[in-house]
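Student: Residue 1 is where the sequence shown starts when you use my numbering, and the numbers rise one by one after that.
Every residue, glycine too, gets a C-beta built ideally from N, C-alpha and C.
Sharing a structure with you now.
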Amino acid sequence: MSKQYGYFDDQNKEYVLTTPKTPIKWANYVGTLEFGGIIDNTGGTLVCKQDPALNRITKYIAQQPQSDFKGSSLYVRRKTEQGYQLFSPFFTPCLTEPDEFECRIGLSYTRWRVVAEGLEIDVKVFVPKGSSTLLQDIKVTNVSQQSQQVDLAPVYEFTHFDALKQLVNADWVPQTMTLKAHPEATGHLVLEQYAFMKRDLAVNYMSCNLPVDSWEGDRRAFLGENEFGSWAKPLSLMEDSLSNSECDRGDNVGAMLIKLGELAPGQSQRVITQLGQVASLEDAADSIALYRDEKAVDQAFAELGEFWEDYLKVMQVETPDDAMNSMLNVHNPRQCHTTKNWSRYLSLYQLGYGARGIGFRDSSQDLIGVMAHMPEEAREFAERLLSVQLENGSAMHQYFPLTMEANEGDSREEPGPDYYGDDHLWIVLTVAQYLKETGNLEFLNKPITYYSKTLELADRQQASVYQHLLKAIDFTWNNVGQHGLPLLGFADWNDTVNLPSGAESLFVANLFGKALKELLDIAEALDDQANVELLNGYYQEMKQRVNQHAWDGEWWVRYFTEQGQPIGSHKNSHGSLYTNGQSWPVISGFAEGDRMLTGLNSVNHKLNTQYGIMLSGPGYNGFDPQLGGVSTYPPGAKENGGIFLHSNPWVMMAETIAGNGDRAFEYYNQINPAFHNDNLDVFQSEPYCYPQNILGKEHKQFGMGRNAWLSGTSSWTYVAGTQYILGIKPNLQGLEIDPCIPKAWPEYSVRRRYRGATYNIKVSNPNGVSKGVASITLNGETIDGQILPIMTEGEHQVEVVLG
Ligand code: GLC
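Next comes the structure, spelled out in structure tokens:
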């Protein structure tokens with residue numbers, strides 16, 4: 001068995017690390033995109049305000065090894081007869097082995113409890129709800145038999161606000177970086193930091209609840225001896241006091257030395273640091289004063305807990321499977337909240353330097369995962385996405401949240417189409433999900449501008465949300481290739497298959513089908529007969545084209561090249577079978593009867609593994625410019641035959657549509673990251689969230705996970721688990737109950753808040769079936785059909801019998 005690194009504490013909704021030496025850096029997220037970022041397991045801190053590329057605060061270089069300082073640390077210093085001794089509760093960068101170590105990855109906070117050198121250090125790091133301040137709440141206790149003289153030195157290293165500039169210009173950047181100190185009569189201190197051009201607009205600050213002995217603003221001075229002092233042993237910390245050097249240029253740090261004096265055995269001291277950003281320091285006065293107050297900090301932490309309580313309460317499940325319960329009740333909705341905030345913009349893999357921004361396709365899908373929990377926030381976000389849709393119905397690929405400037409993503413870099421075939425269709429699913437959750441059809445009338453690169457905001461065309469969605473459909477309908485199937489554009493969901501102009505995508509064809517189904521329901525709810533007819537005509541026609549051209553015998557093909565050659569066909573020696581090619585015709589409803597099952601069985605027989613379903617196979621073995629990105633990876637990695645996890649929940653959904661609850665659940669379970677907790681030397685990635693990719697069978701390191709946190713796997717696995725397996729499906733008329741579970745489950749229950757009411761749903765399965773509802777009662781009365789009436793308030797008891 002693999003080495004153990006930690007365990008799940010479900011009671012406290014935490015994952016608890018028992019060693020600092022994780023296989024790779026593991027992240028936690030604090031705050032939101034408004035203000036927040038990543039705290040890693042070594043205390044490394046990457047925070048920004050509103051945009052990681054354009055307004056970054058701390059300098060976290062993600063490629064540095066775990067043992068290096070990254071953006072922040074906390075030094076604990078003891079005076080001994082041999083001089084000052086340093087260690088850090090984060091282990092990095094001093095690397096002193098602790099006697100006891102515990103790091104709790106919580107809901108928007110990380111908490112360390114470490115014993116070393118006779119001291120117990122408890123550090124909690126979080127961002128209070130709605131604030132632009134990162135707090136470090138530290139308690140130091142002398143657990144030795146002797147009194148000890150103890151000092152603390154919290155340190156942050158600042159970055160230029162333009163995160164990429166920091167890395168590419170080592171003259172201009174340091175010329176602008178400034179750190180000033182503002183000592184107060186009480187001995188308290190505020191350090192102020194900015195790049196010169198931001199001096200009057202946005203400044204960073206650091207402060208502390210206790211008087212400060214001395215401080216340092218310049219990295220040279222802090223590390224000492226022309227930076228031959230190291231982060232592991234900064235030479236300034238070998239002196240009684242720091243040198244109080246401001247920094248007029250150079251590498252800015254905020255380091256404070258806080259002397260706690262003699263701590264008697266058993267005695268504790270609490271220290272609270274804050275790191276924030278404000279327009280001007282005067283604006284921060286209230287907040288600085290507030291978070292110097294221990295009670296206010298306790299309250300802020302309690303409020304954060306209440307937020308999560310409320311967020312998670314929307315849906316709680318009790319199934320016979322504990323691992324599923326823990327994912328659906330805590331970790332998966334939490335990860336959805338993270339993807340909703342950060343899209344694919346900022347993680348330890350997506351480094352947030354501006355190559356990406358908020359992705360149109362990605363965020364449209366992410367919103368579906370939080371729709372039950374924060375529908376109005378999701379709607380606001382959807383409005384921003386709609387505002388980067390073009391008047392022709394297609395969408396910009398991504399935008400920068402601070403400026404709302406949008407661009408075409410990687411398609412800019414290659415000749416050929418500069419749009420993605422799928423982007424604009426996803427938002428139809430998102431808006432539909434919002435309407436199904438809230439019933440607020442009024443939203444469809446809201447005017448929203450189309451994006452334009454040339455026109456000022458005020459001059460841009462506007463149309464209602466409904467028109468935006470119809471335009472998205474039009475775009476795909478009008479951009480088809482030689483088989484009448486949608487053109488691929490630069491790429492579809494699979495970013496890495498970039499075929500020459502004129503190629504057709506079956507993924508887009510099926511996503512189009514799914515979007516049409518959603519929009520048809522909406523048109524019907526609006527009684528818009530003209531569009532019902534039009535959309536239905538499109539749907540039938542596309543279904544016919546797909547069935548006529550894309551069936552390969554045992555599965556569906558995935559693309560046609562501009563010359564009409566199939567990709568994802570038994571005729572291909574590599575890339576002959578694609579998973580999404582099989583799940584999506586089922587989701588769209590284009591596949592029926594034998595073809596539905598045969599395609600899904602091919603996936604099961606040829607692509608399924610113990611760690612999840614591979615995206616395609618066999619992997620391409622060598623760079624092929626005609627295929628593009630996919631052939632840049634070795635076989636088994638990422639989109640080239642890796643287990644690209646995002647595609648797994650779509651197979652689960654398809655299996656439930658086909659009525660196969662046992663297989664859907666098997667697929668659900670096998671990718672549960674908690675299942676890797678005993679296999680971390682292979683998996684390596686965080687066991688408390690889904691990674692984007694796991695190496696596939698063709699790779700020597702089969703089973704290794706990477707790109708944790710920011711993946712569409714999160715929202716879709718949540719949807720697959722809650723809506724398709726447990727079958728609790730919001731729709732326009734109400735909450736529909738349509739489970740497809742393992743036959744061996746005798747019963748399960750779900751508590752779901754929906755449109756103001758709370759439904760306590762108990763499902764029993766006396767005849768051991770997977771699918772099929774025999775009866776439903778609501779508060780003791782039998783209802784017709786499978787849709788619970790909308791109750792708007794109160795608690796309601798629902799009994800469902802399968803059979
Ligand atoms: C990445 C991208 C996503 C894309 C997927 C497959 O996760 O963020 O947009 O669909 O890769 O290529």
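Taking DSSP as the reference, what is the three-state secondary structure of residue 761?
Tutor: The answer is strand: DSSP assigns residue 761 an E or B state.
Student: If you follow the alpha helix (DSSP H) that residue 257 is in, where does it begin and where does it stop?
Tutor: No alpha helix (DSSP H) contains residue 257, which is instead part of the beta strand (DSSP E) from 252-263.
Student: Could you check how far apart the C-beta atoms of residue 154 and residue 136 are, in whole angstroms? I think they sit under 8 Å.
Tutor: Right, their Cβ atoms sit about 6 Å apart.
Student: Would you call the segment 446-459 in contact with the segment 416-433, where contact means no fewer than 3 C-beta pairs closer than 8 Å?
Tutor: No, they do not touch.
Student: Please list, in chain order, all residues of the same chain as residue 756 whose beta carbon is under 8 Å from its beta carbon, the five residues on each side excluded.
Tutor: Contacts found: 791, 792 and 793.
Student: Run through the DSSP bridge pairs and tell me what residue 103 is partnered with.
Tutor: Answer is 17 and 112, bridged to residue 103.
Student: Just verifying my parser: in three-state terms, what is the DSSP assignment at residue 728?
Tutor: Of the three classes helix, strand and coil, the one that applies to residue 728 here is strand, per DSSP.
Student: From which residue to which residue does the alpha helix (DSSP H) around residue 468 run?
Tutor: It spans 465-478 - the alpha helix (DSSP H) in which residue 468 sits, taken as one unbroken run.
Student: Using the Cβ count rule (16 or more neighbours within 10 Å means buried), how would you classify residue 352?
Tutor: Counting Cβ neighbours within 10 Å, residue 352 comes out buried, since at least 16 surround it.
Student: Residue 588 by DSSP, collapsed to three states: which one?
Tutor: Looking at residue 588 - three-state DSSP - the assignment turns out to be helix.
Student: How is the alpha helix (DSSP H) around residue 668 delimited, first residue to last?
Tutor: Unbroken alpha helix (DSSP H) run through residue 668: 661-670.
Student: Is there contact here, the segment 361-368 with the segment 14-31, by at least three beta-carbon pairs under 8 Å?
Tutor: Because the criterion of three Cβ pairs below 8 Å is not met, the segment 361-368 and the segment 14-31 do not touch.
Student: Quick check for students: name the residue ranges of the beta strand (DSSP E) that lie wholly in the segment 630-711, counting only runs of 3 or more.
Tutor: Correct list: 691-694 and 705-708.
Student: State the DSSP-derived secondary structure class of residue 383, mapped to helix, strand or coil.
Tutor: The answer is helix: DSSP assigns residue 383 an H, G or I state.
Student: Taking 8 Å as the threshold (C-beta atoms), are residue 54 and residue 342 in contact?
Tutor: Against a cut-off of 8 Å, the Cβ pair of residue 54 and residue 342 comes out as no contact.
Student: Kindly provide the chain-ordered list of residues whose Cβ lies closer than 7 Å to any non-hydrogen atom of ligand 1.
Tutor: That gives 344, 359, 361, 362, 493, 494, 495, 496, 639, 644, 646, 692, 711 and 712.
Student: Rounded to a whole number of angstroms, what is the C-alpha to C-alpha distance between residue 329 and residue 315?
Tutor: Residue 329 and residue 315: Cα-Cα distance of roughly 7 Å.
Student: Throw me the rounded Cβ distance for the residue 41 and residue 25 pair, which I believe falls under 8 Å.
Tutor: Right, their Cβ atoms sit about 7 Å apart.
Student: Is the beta carbon of residue 531 closer than 8 Å to that of residue 523?
Tutor: Yes, the pair counts as a contact, with Cβ atoms nearer than the cut-off.
Student: What are the boundary residues of the alpha helix (DSSP H) that residue 595 is part of?
Tutor: Unbroken alpha helix (DSSP H) run through residue 595: 593-606.
Student: Going by C-alpha to C-alpha distance, which of 563, 156 and 349 sits closest to residue 63?
Tutor: Checked all of 563, 156 and 349; the closest Cα to residue 63 is 349.
Student: What residue does the alpha helix (DSSP H) around residue 735 start on, and which one ends it?
Tutor: Premise fails: residue 735 lies in the beta strand (DSSP E), 734-737, not in any alpha helix (DSSP H).
Student: With the cut-off set at 8 Å, would you say residue 82 and residue 118 are in Cβ contact?
Tutor: Cβ atoms of residue 82 and residue 118: not closer than 8 Å.
Student: If you reduce the DSSP assignment to three classes, tell me which class residue 212 lands in.
Tutor: Looking at residue 212 - three-state DSSP - the assignment turns out to be coil, as it is neither helix nor strand.
Student: With a threshold of 8 Å, are at least 3 pairs of Cβ atoms found where one atom belongs to the segment 708-728 and the other to the segment 637-646?
Tutor: Result yes; three or more Cβ-Cβ pairs closer than 8 Å.
Student: Between which two residues does the beta strand (DSSP E) holding residue 753 run?
Tutor: Per DSSP, residue 753 belongs to the beta strand (DSSP E) from 747-754.
Student: Sorted by chain position, which residues of the same chain lie with C-beta nearer than 6 Å to residue 384's C-beta, five sequence neighbours on each side aside?
Tutor: Nothing meets the Cβ criterion.
Student: With H, G and I counted as helix, E and B as strand and the rest as coil, what does DSSP make of residue 513?
Tutor: Here residue 513 sits in helix by DSSP.
Student: Report the three-state DSSP secondary structure of residue 819 (helix, strand or coil).
Tutor: Within the shown structure, residues of the chain are numbered from 1 to 803, placing residue 819 beyond reach of any answer.
Student: Can you list, in chain order, the residues of its chain whose CB lies under 7 Å from that of residue 6, leaving out five sequence neighbours each side?
Tutor: The residues are 15, 16, 17 and 18.
Student: Any idea if residue 102 is buried or exposed, counting beta-carbon neighbours within 10 angstroms, 16 or more meaning buried?
Tutor: The residue in question, residue 102, is buried, as its Cβ has 16 or more Cβ neighbours within 10 Å.
Student: Under 8 Å by Cβ, that's how I've got residue 71 and residue 156 pegged, so tell me the actual separation to the nearest angstrom.
Tutor: That belief holds up - the Cβ atoms of residue 71 and residue 156 are roughly 7 Å apart, short of 8 Å.
Student: Among residues of its own chain, excluding the 5 on either side of residue 549, which ones have a beta-carbon nearer than 7 Å to its beta-carbon?
Tutor: Excluding sequence neighbours, residue 549 sits near 483 and 485.
Student: At what residues does the beta strand (DSSP E) containing residue 315 begin and finish?
Tutor: Here the beta strand (DSSP E) through residue 315 covers 315-318.
Student: In three-state terms, what does DSSP make of residue 29?
Tutor: Three-state result, residue 29: strand.
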